[in-house]
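Just so you know, the sequence shown maps onto residues -1 to 574 in the numbering used here.
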Amino acid sequence: MRICGGNLLSLVAVVAATTGSSALDSPSLHGAQGVNFWRLHHSTASATAHMASQQGGLVTDLSETPTNGEPQAPFVVSGATAATTASVSRPATPKFRAQTFTQPLDHFHNTTDATFPQRFWVNARHYKPRPGAPVIVIDGGETSGEDRLPFLDTGIADILARATGGVGVVLEHRYYGKSIGVQNLSTDALRWLTNEQALEDSANFLRNVKFEGIAEDLTAPNTPWIYYGGSYAGARAAHMRVLYPDIVFGAIASSAVTHAVLTNWEYMDVIRLAADPKCSSNLVNSITTIDSLLKIGTLRAPLKKLFGLGGLASDQDFVSVLTYPLGLWQDRNWDPAVGSTGFDQFCAVLNGDTPTVKDTARTVHLPGGLNVNVGLLNYAKWIRENVVSLCPQEAGLTTEDCFGTNDPSRYQVTGLVEGWRLWTFQYCTQWGYLTTAPPTSIPTIISRLLDIDYQHKICVQAFPPGKHYVVPPLPDVSAVNSLGGFHIEADRLAFIDGEVDPWRPYTPHSTYGGAVERDDTPLRPFKIIPGGVHHWDENGLKNSHEEPEEIRQVHAKTIEFVKVWLEQWKGAVGQQ
-1 MRICGGNLLS
9 LVAVVAATTG
19 SSALDSPSLH
29 GAQGVNFWRL
39 HHSTASATAH
49 MASQQGGLVT
59 DLSETPTNGE
69 PQAPFVVSGA
79 TAATTASVSR
89 PATPKFRAQT
99 FTQPLDHFHN
109 TTDATFPQRF
119 WVNARHYKPR
129 PGAPVIVIDG
139 GETSGEDRLP
149 FLDTGIADIL
159 ARATGGVGVV
169 LEHRYYGKSI
179 GVQNLSTDAL
189 RWLTNEQALE
199 DSANFLRNVK
209 FEGIAEDLTA
219 PNTPWIYYGG
229 SYAGARAAHM
239 RVLYPDIVFG
249 AIASSAVTHA
259 VLTNWEYMDV
269 IRLAADPKCS
279 SNLVNSITTI
289 DSLLKIGTLR
299 APLKKLFGLG
309 GLASDQDFVS
319 VLTYPLGLWQ
329 DRNWDPAVGS
339 TGFDQFCAVL
349 NGDTPTVKDT
359 ARTVHLPGGL
369 NVNVGLLNYA
379 KWIRENVVSL
389 CPQEAGLTTE
399 DCFGTNDPSR
409 YQVTGLVEGW
419 RLWTFQYCTQ
429 WGYLTTAPPT
439 SIPTIISRLL
449 DIDYQHKICV
459 QAFPPGKHYV
469 VPPLPDVSAV
479 NSLGGFHIEA
489 DRLAFIDGEV
499 DPWRPYTPHS
509 TYGGAVERDD
519 TPLRPFKIIP
529 GGVHHWDENG
539 LKNSHEEPEE
549 IRQVHAKTIE
559 FVKVWLEQWK
569 GAVGQQ
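Below is the structure:
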């Protein structure tokens, strides 16, 4: 595929022609650079789909390509990255028929009479009609609901439905996938994309849905609904339990980011502490060197050129590109068909063939007075081959076109295909999580040039004031934290987190202050998956005996406490 034109808007046009809306591919990479990565990722995916369709391949519709707001390993196409691409094979999307439920666009303020069709999918293969048969609903979160269908087929919804004789459901989030009720994604059109409106969508669905092929009335509160979500959707699961206790009988909040913050430096610190020590040390050393060299005017240009980014004017843009491989940590999963080994491959390149950190710290003298260590040379090689290679320079684009962030116009295209605008709007208005460097007393794996002003500017660039809505000067994280934050709790509300999940600092399992240790009981489960990353309990295998021990255990414990909850339902009904 040829990309015509000399700026990123040309690239946008190509992406728009072949992709559907979706959120950012890696939530760790917020900010304007994260949008650049999203577009480059989708342009590469578009080219792959185009070539496959021309050659009789299987990929002909990019709407079927996973494009999560959750972690997705970047599609990479050159050099040493072939192994990374191969490691991201995704299971085929199960064949569940999409159904729709009509929702008002505005539940609360009478600003419009518009409605939208909210998509949902049903797995009734295990359903045994009887009073008290549960419905297990997965909140689709910040992605197309189609991306959650594997969890309806062999993941947590199927696991619990099979164990309880219940029904599994995936419910798509407003504005994502095809659950859309607006004509564009302008500031005004996005004003109904709030946590409050989306929560009321779920409540309205639980109270009123009718399932095709099921004669029984399974609406709440006459049926026990168990609400599951992971990450952002995990926070929503917790919110549903505390805000709608009459209709949500129980909830499972996995990797639930119930505490919103303006800056989330802890995200990268979890990676620093949990990664292979040699890789972590090489990252810290490389970033320290890079920050020092950028302070020397004569060395900025040769340093950027070493990374293949010599044409990038802004130092902040330059160092933000270097965060790209760090988002791959979140993509790790116990199932290689779901996760990515990209971070481990990055570390292998960074560490090189040298046996110790001392060896990779050895100084190499380069032309122009640039003195760098071996680890930094390896870092530059990885960025050139895996990130800079995504920029189609043969089509006339420059590194400034691909990775520059100072032109607001490139972020003001508002067509429905600009799916990055959805989660960006949400974190700009309510959730925060702008990734900055840690306090100076803590070693860092990202540049200290990455401050809140740089990371927040996308909120100003992308969402100019509308006629009916103005984005707040900073995200109003109180809208989230007022629902409980670290301390949110209720009976029949479970929290499940990964031990080394970079989002753990914003969950009730945080070890960075604010959260408190809790007892793990059947009524209020509080579980950690050893070595786990991001909502590792959500996916499963058809043959559960092939799952790792820690995953079999968390699934078994989840079945156990859900059955306890359902016994409480029976007891409560019996007393009526």
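Positions of the beta carbon are idealized from the N, C-alpha and C atoms, including for glycine.
It should be emphasised that the depicted structure is a prediction, and the values quoted were computed from it without experimental measurement.
- Per DSSP, reduced to three states, the secondary structure at SER279 is helical.
- Scanning the segment 122 to 199 from its first residue to its last, the whole beta strand (DSSP E) runs of 3-plus residues come out as 133 to 137 and 165 to 169.
- Excluding the 5 residues flanking it on each side, SER229 has same chain C-beta neighbours closer than 7 Å at GLU68, GLY139, SER253, VAL255, TRP501, HIS532 and HIS533, in chain order.
- DSSP, read as helix, strand or coil, puts PHE559 in helix.
- A Cβ-Cβ separation of about 11 Å leaves ALA235 out of contact with TYR242 under the 8 Å criterion.
- Between the alpha carbons of GLY367 and LEU292 lies a gap of roughly 13 Å.
- In the structure shown, ASP495 adopts extended strand secondary structure according to DSSP, grouped into three states.
- GLN31 and PHE401 have their C-alpha atoms spaced approximately 7 Å apart.
- For the pair HIS28 and TYR425, the CB atoms are nearer than the 8 Å cut-off.
- For TRP332, the three-state secondary structure derived from DSSP is coil.
- In the structure shown, GLY227 adopts extended strand secondary structure according to DSSP, grouped into three states.
- Here the segment 169 to 186 makes no contact with the segment 545 to 563; the two share fewer than three CB pairs at distances below 8 Å.
- Secondary structure of GLY417 (DSSP, three-state): coil.
- Straight through space, the alpha carbons of VAL168 and LEU216 are spaced by roughly 15 Å.
- It is roughly 18 Å from the alpha-carbon of ARG360 to the alpha-carbon of ASP289.
- Taking 8 Å as the cut-off, the Cβ atoms of PHE493 and PHE524 count as close.
- Of the residues assessed, ARG172 falls on the buried side of the cut-off, its CB having 16 or more other CB atoms within 10 angstroms.
- For GLN101, the uninterrupted beta strand (DSSP E) segment begins and ends at 97 to 102.
- Separation of THR221 and VAL165 (C-alpha to C-alpha, rounded to the nearest whole angstrom) is 11 Å.
- Counting C-beta pairs closer than 8 Å gives fewer than three between the segment 455 to 471 and the segment 242 to 251, which falls short of the contact rule.
- In the assembly as shown, PHE114 is a buried residue. Its beta-carbon has 16 or more other beta-carbons within 10 Å.
- Considering only ALA393, ASN541, LYS555 and LEU481, the residue with the shortest C-alpha distance to GLU194 is LEU481.
- The beta-carbon distance between HIS553 and ILE157, rounded to whole angstroms, is 6 Å. This is short enough to meet the 8 Å contact definition.
- Within the segment 352 to 386, complete beta strand (DSSP E) segments of at least 3 residues are found at 361 to 364 and 368 to 371, given in chain order.
- When secondary structure is reduced to three states using DSSP, ARG446 falls in the coil class, being assigned neither helix nor strand.
- If you ignore the 5 residues before and after PHE341, its C-beta comes within less than 6 Å of the C-beta of LEU326 and TRP327, all in its own chain and listed in chain order.
- The three-state secondary structure of ILE250, taken from DSSP, is strand.
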